[in-house]
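Residue numbers (numbering that gives the first Met the number 0): 0 to 560.
The C-beta atom is built at its ideal place from N, Cα and C for all residues, glycine as well.
These numbers come from a predicted model, not from an experiment.
Notes to accompany the following structure.
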Amino acid sequence: MYKQFFENETKTALKQAYPDIQECNLRVEKPKNSDFGDFAINVSPLARELKTAPPAIAQNIEKYLSKDGYEVNLIGGFINFKLGRKMLAETIEEIIKQGQNFAKPKNIKPEKINLEYVSANPTGPFHIGHGRWAAMGSALANLLKFYGHDVYQEFYINDAGSQIQKLGNSLLIRLKQLKGENVDFPQDELERKNYYQGEYLIPVAEKFLKENEYTEDVKILSDYAKKEMERLQQELLNKFRVHFDKFYSELDLHTSGKVENSYKKLEESGKLYEKEGAIWFKSSEYGDDEDRVIKKADGSNTYLTADIAYHKDKFDRGFERLINIWGADHHGYVARVKASLEALGYNSEKLEILLGQLVNLVINGEQTRMGKRKNMITLDDLIEEVGVDATRFWMCMRDINNTLDFDIELAKKSTDENPVFYVQYAHARACSILRNTINDKINTETGEKIAAPLTEDEFNKTIENFKAESIIDDVENAKSLILKLEDFKSTIILSEQTRSVYTICRYLSELASEFHSYYTKNRVLVEDKNIMKGRLSIVYATKSILKQALDILAVTAPEKM
RNA sequence: GUGCCUGUAGCUCAGCCGGAUAGAGUGUUGACUUCCGAAGUCAAAGGUCAUGAGUUCGAAUCUCAUCAGGCACACCA
């Protein structure tokens with residue numbers, strides 16, 4: 000990696016220049032002005048320890064730099080590095096030869112990671128917020144896998160609480176309505192809260208009557224509606240290119256005795272006590288604001304109790320690291336789950352909880368709060384309107400810490416304002432060039448056939464036998480493109496460290512921009528076969544990286560648009 | 001009231017482990033087509049980095065306070 004290379008070069012030189020130096024946390028960065036160089040190191044942070052002015056330090060270090068393959072340019076306390084053509088050419092060779100392994104970090108410690116996200120209640124269709132967790136979670140999974148981790152994706156189904164009863168009651172009302180009975184949800188505000196009033200239960204009721212005898216048994220109705228919701232949710236996830244290794248049922252957690260078991264373990268830890276008829280957990284001893292109820296006065300478990308068992312089970316299944324994506328509205332929950340894991344003897348630092356800010360729908364330029372409105376726009380609606388690719392890209396585009404404005408009108412336009420098209424277009428354009436090298440062309444005016452510049456065999460050999468030396472004379476034109484291609488390595492590492500995927504979106508936009516720019520300035524299919532083959536290889540390498548990055552987002556890389 | 005997130009160009013956002021002239025997209029204005037995809041490229045204009053103080057040789061970046069917006073503060077899930 001270029002950055003690593005220059006950091007090592009500088010550190011080596013630094014030790015020769017100043018043998019007594021203790022710490023040297025020098026960072027390679029991009030110069031503000033590309034005229035200075037391609038990479039830069041600022042030595043100012045060393046000034047204090049060395050008691051020397053930054054420019055003098057830079058001059059001293061410069062003497063010991065090997066300058067093998069690069070040039071050095073000193074400005075003030077900055078050491079600027081300029082890549083030689085050989086290094087640039089070798090990068091193209093590396094991309095072509097390494098393929099998928101080009102940006103895969105070497106010498107890393109792969110972890111067995113459990114990634115949990117979406118985990119919606121099986122009581123209704125996904126809303127747009129779920130779409131954000133689904134897109135980001137699956138992209139993060141792809142990223143972590145790309146990096147080298149062993150990732151297991153999980154969806155926790157909250158199928159055990161009172162909301163299931165509520166679902167059954169709601170279905171019953173819909174059934175009665177279908178039978179022609181004059182019933183509706185209660186008028187009273189408070190009582191209405193015991194029902195799901197969305198119209199999505201109407202088709203479920205219809206389907207139920209087709210398959211079953213009419214019944215008012217809420218248990219049967221609850222189970223039916225729950226299964227149906229799960230089925231619809233999983234269908235949609237599939238369509239959205241989100242694939243879970245396991246849908247973990249909360250109900251199973253209870254019936255298998257795991258909830259009871261983890262309760263006993265907590266009891267053994269001595270961190271439970273009774274108060275006002277309920278059993279409390281001393282979570283405040285582990286940094287939580289207050290203690291939490293574990294068993295209610297009526298003897299039933301709280302949601303937390305099951306969740307504790309669930310997280311315990313994840314560790315017990317051998318995962319070294321747990322990553323959860325939760326909505327920011329659950330942030331108050333973090334401390335108590337971590338507290339419980341500590342009490343049970345697990346290292347709560349191995350549980351990372353990514354809190355995602357919510358999605359604002361923007362309709363006709365106005366922000367609409369994602370509430371539980373009756374006629375809300377579901378994720379399914381959104382995908383129908385905008386398409387899977389644009390929806391996925393858009394949902395991944397912003398830092399998870401920031402609220403995301405999803406402008407329906409803008410995304411629907413599907414034109415220049417939508418960055419995904421810009422990126423996909425770059426890929427399609429690259430494919431088009433590669434196609435044109437081996438396909439005969441027909442002049443539309445004369446009907447005359449123009450032979451392809453290369454046969455398929457020649458093209459394949461050009462790629463297979465690519466040698467860095469072959470493009471050295473022409474590589475300077477592709478410099479900023481190659482720098483960006485190489486930057487894929489840093490992007491992968493940064494994204495893994497920060498658990499973020501918006502960085503991949505940004506990278507793609509930047510790479511596409513560099514490619515479009517290169518394309519405009521450098522014609523690929525030129526007379527000179529050697530130049531053509533070299534540029535073809537650069538296009539091929541670009542296409543390869545675009546594809547790899549798009550694959551992480553699970554956005555398609557079209558050959559044609 | 002307490003805790004968490006956010007405040008940077010008209011709009012949407014990067015940059016935030018302190019360092020060179022604060023960047024990108026979009027919008028505005030203007031250029032670029034004998035030729036591989038113009039869904040493209042190039043350029044111009046556009047800034048009190050919410051406000052105030054502090055730390056520092058140096059602050060958009062760190063600290064504190066204030067203001068503004070969002071979210072959460074259940075024996076619900």
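### Query
Three-state secondary structure (DSSP) at T9?
helix
### Message
Tell me the rounded alpha-carbon separation between S43 and P53.
### Response
5 Å
### Task
Compare the Cα-Cα distances from R598 to each of K281, S299, G298 and report the closest residue.
Only positions 0 to 560 of the chain appear in this structure, which leaves residue 598 out of reach.
### Query
What whole-angstrom Cβ distance do L49 and Y17 have, given they're in contact under 8 Å?
6 Å
### Query
Would the region 217 to 230 and the region 268 to 285 be scored as touching if the rule is three or more Cβ pairs under 8 Å?
no
### Query
Taking DSSP as the reference, what is the three-state secondary structure of F207?
helix
#### Entry: Residues bridged to D149 (per DSSP)
K111
### Whole-angstrom distance between T555 and L549, CA atom to CA atom
7 Å
### Task
Report yes if the CB atom of S339 is closer than 8 Å to the CB atom of I307, and no otherwise.
yes
### Query
Roughly how many whole angstroms lie between the Cα atoms of G147 and F80?
31 Å
#### Entry: Close-in-space but distant-in-sequence residues of the same chain around E475 (CB under 7 Å, 5 per side omitted)
R84
### Message
Can you look up G136 in the DSSP assignment and give me helix, strand or coil?
### Response
helix
#### Entry: Per DSSP, the bridge partner or partners of D406
V361
### Task
Give the straight-line distance between the Cα atoms of H129 and G160, rounded to the nearest whole angstrom.
20 Å
### Task
Please confirm whether F125 and L453 have their CB atoms less than 8 Å apart.
no
### Message
Can you look up R372 in the DSSP assignment and give me helix, strand or coil?
### Response
Its pLDDT being 46, under 50, R372 is placed unreliably in this model, and the coordinates cannot settle the point.
### Query
What's the C-alpha gap between E457 and A427?
22 Å
### Query
How should S169 be labelled, buried or exposed, when 16 other C-beta atoms within 10 angstroms of its C-beta is the threshold for buried?
buried
### Task
Just confirm the distance between the C-beta atoms of K111 and G326, as a whole number of angstroms; I'd bet it's less than 8 Å.
About 26 Å separates the two Cβ atoms, so there is no contact after all.
### Beta-carbon spacing of I127, V358 below 8 Å
yes
### Query
Tell me, which residues are paired with R291 by DSSP?
F280
### Query
Which same chain residues, not among the five before or five after E163, have their C-beta less than 7 Å away from its C-beta?
Going by the sequence as given, residue 163 is Ile instead of Glu. Taken in chain order, the residues that qualify are S221, K225.
### Cutoff 6 Å; reference K165; Cβ partners in own chain excluding five residues on either side
N193
### Query
Tell me the DSSP bridge mates of W325?
L354
### Task
Could you say which of K311, R320, E341, L353 lies nearest to D328 if we only look at CA atoms?
L353
### Task
To the nearest angstrom, report how far apart Y195 and D380 are at their CA atoms.
19 Å
### DSSP three-state assignment for E215, whether helix, strand or coil
coil
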